[in-house]
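For reference, the structure discussed in these notes is given below.
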Amino acid sequence: MSKVQGGMKCVKYLLFIFNFIFWLVGSLVLAVGLWLRFDPVVVSLLNEGGPETFFLGVYILIGAGALMMLVGFFGCCGAVRESQCLLGSFFACLLIIFGAEVAAGVFGFLNKDKIIAEVKQFYADSMQDSGNSTIASIYHNVLDCCQNQSSCPTATENSKSCAVAIEEFFNSKLHIIGYAGIGIAGAMIIGMIFSMVLCCAIRNNSEVI
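See below:
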């Protein structure tokens with residue numbers, strides 16, 4: 001027999017749906033992290049001696065996605081089984097992930113210029129190293145930029161400097177990541193509220209019985 005009745009059943013099903021969506025988002029985050037790590041274009045841009053900060057962020061993304069999938073699974077089980085223990089653990093995990101997300105956001109914001117500078121330096125080194133001319137060509141094609149006429153003969157007068165193109169690329173992507181982070185944080189807060197409301201309802205009904 002269900003331990004919750006009436007409106008709390010609605011909260012129970014909403015929490016299950018939330019956790020299922022949370023699990024899907026986690027799988028998406030994991031997929032993006034794996035794509036950034038193993039995509040041929042990204043690997044060719046950054047693999048050989050690439051900036052360590054970028055790969056650190058990618059590994060954090062992969063770990064966060066896997067953790068979100070695990071937490072979403074436990075949340076679904078807690079909602080279906082109406083378990084105070086699982087719901088409490090789910091709340092604690094969400095709180096930890098929320099704190100980690102805030103910390104990662106602050107870290108990314110404070111180190112944005114450092115990351116961009118490292119990528120610029122990596123590109124500059126590839127331009128000076130004749131053995132890395134292929135990497136420089138990939139930068140030119142992907143970012144549609146040109147450092148000088150000799151490095152890309154097809155360049156026009158409107159071609160941007162690669163240093164400018166790299167900065168514009170990261171700034172445009174950071175806005176998208178920022179908005180996505182705000183959305184995920186809002187969803188986490190809703191999930192924590194639902195889990196606590198349902199947990200309290202289960203406890204109260206158990207005491208009445």
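With UniProt numbering applied, the sequence shown corresponds to residues 1 to 209, in that order.
Think of the CB as a built atom: it goes at the ideal place given N, C-alpha and C, for glycine as much as any other residue.
Strand pairing of residue i, partner residues [DSSP]
{"i": "LYS160", "result": "CYS145"}
Residue i, enclosing alpha helix (DSSP H) - first and last residue
{"i": "ASN19", "result": "7-38"}
{"i": "SER83", "result": "Per DSSP, SER83 belongs to no alpha helix (DSSP H) and is neither H nor E."}
Residue i to residue j span [Cα, whole Å]
{"i": "ILE202", "j": "ARG81", "result": "11 Å"}
{"i": "LYS114", "j": "HIS175", "result": "17 Å"}
{"i": "MET188", "j": "LEU94", "result": "6 Å"}
{"i": "PHE20", "j": "CYS76", "result": "7 Å"}
{"i": "MET196", "j": "PHE73", "result": "17 Å"}
{"i": "ASN185", "j": "VAL102", "result": "It should be pointed out that residue 185 corresponds to Ala in this sequence rather than to Asn. If you take the alpha carbons of ALA185 and VAL102, they lie about 8 Å apart."}
{"i": "PHE107", "j": "ALA64", "result": "15 Å"}
{"i": "LYS160", "j": "GLU167", "result": "11 Å"}
{"i": "PHE22", "j": "ILE116", "result": "31 Å"}
{"i": "ASN204", "j": "ALA31", "result": "40 Å"}
{"i": "MET192", "j": "LYS120", "result": "41 Å"}
Neighbourhood of residue i by C-beta distance below 7 Å, restricted to the same chain and skipping five residues each side
{"i": "VAL58", "result": "GLY33, LEU36 and ARG37"}
{"i": "GLY181", "result": "GLU101 and GLY105"}
{"i": "GLN84", "result": "CYS199, ILE202 and ARG203"}
Contacting residues, own chain, Cβ-Cβ under 6 Å from residue i (five flanking each side not counted)
{"i": "ALA165", "result": "LEU143 and CYS145"}
{"i": "ALA136", "result": "SER126 and MET127"}
{"i": "MET8", "result": "ALA201"}
CA nearest to the CA of residue i, picked from the options
{"i": "MET69", "options": "LEU86, CYS85 and VAL29", "result": "VAL29"}
{"i": "ALA163", "options": "LEU110, HIS140 and LEU67", "result": "HIS140"}
{"i": "GLY183", "options": "GLU118, PHE98 and CYS10", "result": "PHE98"}
{"i": "SER27", "options": "PHE90, ALA180 and ILE62", "result": "ILE62"}
{"i": "ALA104", "options": "GLY88, ILE60 and VAL119", "result": "ILE60"}
{"i": "ILE17", "options": "GLY181, ALA31 and ALA79", "result": "ALA79"}
{"i": "ASN111", "options": "LEU24, PHE91, PHE170 and ILE138", "result": "PHE170"}
{"i": "LEU67", "options": "VAL119, ALA92 and GLU118", "result": "ALA92"}
{"i": "residue 211", "options": "PHE90, VAL71 and GLY88", "result": "Residue numbering for the chain in the displayed model covers 1 to 209; residue 211 lies beyond these limits and cannot be assessed."}
{"i": "LEU15", "options": "PHE90, ASP39 and PRO40", "result": "PHE90"}
Chain-order list of residues whose beta-carbon lies under 8 Å from that of residue i (same chain, five-residue window excluded)
{"i": "VAL11", "result": "VAL4, PHE194, VAL197, LEU198 and ALA201"}
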